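Reading through the structure tokens given below for one structure.
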Amino acid sequence: MNGAFVGSWSQAPNSPDTLQYDLAWIQSEAGRPLSLSLPFTPGNRPHRGDAVRAYFENLLPDSKTIRDRIARRYQAGSAEAFALLAQIGRDCVGALQLYPDGMAPAGPDTVQASPLSESDVAQVLRGTVAPTIATELPDDDFRISIAGAQEKTALLRVDGQWCRPHGSTPTTHIFKLPMGLVGNQRYDLSHSVENEWLCALILRTYGLPVANCEALQFEDMKALVVERFDRRWWGEEGQRQLIRLPQEDLCQATGTPPHLKYETDGGPGIDTLLRLLNGSTQREVDRRTFFQAQVLFWMLSATDGHAKNFSLFLRAGGRYELTPLYDVLSAYPFLGEGPGKLSPHKARLAMAVRTKNAHWKIREILRRHWVDLGEAQGVLSADGRPASQLIDDLVARTPQVVATVRGQLPRGFPPQVADSILEGLMEAAQKLAG
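Here the sequence shown is numbered in full-length UniProt numbering, starting from 1 and rising by one per residue.
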């Protein structure tokens with residue numbers, strides 16, 4: 001992490017994955033575990049098995065197609081996590097950098113990068129989705145790993161200039177490309193960039209912490225450009241360093257492999273994650289944010305709020321707190337009946353609202369379910385009022401949120417995206433009012 005040696009991850013035939021922390025790292029003031037699921041142990045006993053494997057698998061894309069493409073591009077030999085991260089683990093989510101044994105990592109010295117023109121950035125984006133296209137830009141040491149289910153890459157921005165970083169210089173922004181037709185039902189997410197940008201704006205207008213993002217065009221390539229909250233500039237002008245901030249997603253924190261990220265598949269649910277947030281250094285704030293996010297996901301018909309789409313900052317000494325929110329996408333633009341549509345009767349949340357029973361389907365979830373859940377979990381407003389008051393506040397603020405957001409839509413914003421999401425939000429608020 002930032003040039004400090006943390007430990008070793010190893011594999012052997014017919015043996016479980018092994019993580020061994022370095023003793024000097026454990027004793028360091030900056031020392032902290034890689035994950036809540038991989039704590040420091042008495043006598044520095046190594047971790048072995050599923051939790052180690054799950055942690056590193058979660059650093060990689062979920063999609064087998066994307067992983068196979070990365071393996072071919074970098075001649076990794078296989079699409080397994082160990083082989084892939086040996087090739088592309090130099091700039092992972094969080095502060096971890098992975099190097100093959102015997103390769104010395106560089107520290108966070110001065111920024112090293114090559115400037116990119118708009119045409120260069122467009123070519124990088126084309127090469128992300130079609131790596132057979134010649135980018136005319138050398139790969140050299142530009143190898144990054146970004147988890148998730150869609151096509152994305154990352155670049156560095158210095159004083160407004162897009163750059164390709166070199167050496168140990170991190171990236172600062174993630175570029176997410178339009179998702180196109182998704183799933184067996186071929187849902188049309190060609191406007192996923194605008195959809196996610198709008199959802200982020202809505203959450204921010206409600207007052208929730210959200211990763212900064214903007215929808216940008218580079219020649220014929222459109223992307224949602226997300227500012228990385230796991231990077232921070234440090235130092236004086238002329239001698240600035242770009243520091244990586246340790247973090248992990250909530251699948252990593254709970255030792256859950258990425259293929260089990262949904263609660264229906266065995267992943268963690270709302271109650272499990274609220275209990276985990278009991279240990280946060282800002283317990284009440286984080287639990288309130290997480291609960292409000294779940295209610296707003298329901299109001300937005302955001303069906304993909306699984307555990308990988310929440311993360312923790314990991315601080316020295318084992319302390320942690322929730323990061324800003326990210327990766328929120330509304331299903332309203334493709335709700336309907338017929339080919340390429342998601343039936344409103346089938347739309348489900350990624351995590352159940354559990355009261356006496358588990359409630360999954362968005363249409364069947366009522367105000368009383370949210371009130372019962374919030375009160376059972378002891379979620380409070382900032383001034384100590386019960387969860388029902390948090391819900392009432394969201395309802396009361398919705399008309400002004402919608403008006404404010406409409407006023408910030410850029411010219412040419414797709415009306416089918418804005419109207420479906422904002423009208424759906426208003427209807428959900430009316431239902432939530434009881």
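Backbone N, C-alpha and C fix where the C-beta goes; we use that ideal spot for every residue, glycine too. All figures in this text were calculated on a predicted structure; none of them were measured in a lab.
query, result
"Given that a residue counts as buried once 16 or more other Cβ atoms are within 10 Å of its Cβ, and exposed if not, what is W9?", "buried"
"In chain order, what residues of the same chain have a beta carbon less than 8 Å from the beta carbon of E136, not counting five sequence neighbours either side?", "Low confidence applies to E136: its pLDDT is 45, below 50, so where it sits in the model is not reliable, and the reading given next is rough at best. Only Q123 meet the Cβ criterion."
"Pull the bridge partners of I243 from the DSSP assignment, please.", "R232"
"Between the C-alpha atoms of P13 and Q294, what's the straight-line distance to the nearest angstrom?", "42 Å"
"According to DSSP, simplified to helix, strand and coil, what is Y187?", "strand"
"Going by C-alpha distance, which of L277, C251 and N278 is nearest D265?", "C251"
"Between A343 and the rest of its own chain, which residues show a CB-CB distance below 8 Å, the 5 nearest in sequence each way excluded?", "Going by the sequence as given, residue 343 is Ser instead of Ala. For S343, where only same-chain residues beyond five positions count, the Cβ hits under 8 Å are L335, G336 and E337."
"Pull up the DSSP beta-bridge partners for H359, would you.", "V353"
"What does DSSP give as the partner residues of P399 in its beta bridges?", "Paired residue(s): none; P399 is not in a bridge."
"To the nearest whole angstrom, what separates the beta carbons of L98 and W162, a pair I think is in contact under 8 Å?", "With a Cβ gap of about 25 Å, L98 and W162 do not count as contacting."
"Who are the Cβ neighbours of D393 in its own chain at under 6 Å, not counting the five residues just before and after it?", "none"
"For my contact list, residue 438 and L300 are in at a C-beta cut-off of 8 Å; report their separation, rounded to the angstrom.", "Only positions 1 to 434 of the chain appear in this structure, which leaves residue 438 out of reach."
"With T254 and A307 assumed to form a contact (beta carbons below 8 Å), what rounded beta-carbon distance in angstroms separates them?", "7 Å"
"Between the alpha carbons of D151 and A86, how many angstroms are there, rounded?", "In the sequence on display, residue 151 carries Glu and not Asp. About 20 Å."
"Note down the Cα distance separating F175 from Q377, rounded to an integer number of angstroms.", "36 Å"
"Just to confirm my understanding: we take M1, look at its own chain, exclude 5 residues before and 5 after, and list those with CB closer than 8 Å. What are they?", "A30, A95, L96, Q97, R244 and P246"
"Mind checking whether G267 and L260 have CB atoms under 8 Å apart?", "yes"
"Per the DSSP calculation, Y21 is bridged to which residue(s)?", "G7"
"Who are the near neighbours of E196 in its chain, counting only those whose CB is closer than 6 Å to its CB and skipping five residues on each side?", "L224 and L329"
"Could you pull the DSSP bridge partners for M221 from this structure?", "F218"
"Between F229 and P324, how many whole angstroms is the CB-CB distance? I'm expecting something under 8 Å.", "5 Å"
"Need the endpoints of the beta strand (DSSP E) that F313 sits in, please.", "S311 to L314"
"Could you check where the alpha helix (DSSP H) with F290 kicks off and where it finishes?", "R283 to L300"
"Report the three-state DSSP secondary structure of E427 (helix, strand or coil).", "helix"
"Taking all protein chains shown into account, do 16 or more other C-beta atoms lie within 10 angstroms of the C-beta of residue 443, making it buried, or fewer, making it exposed?", "Any question about residue 443 goes unanswered here, given that the chain covers just 1 to 434."
"Helix, strand or coil for S114, going by three-state DSSP, please let me know.", "strand"
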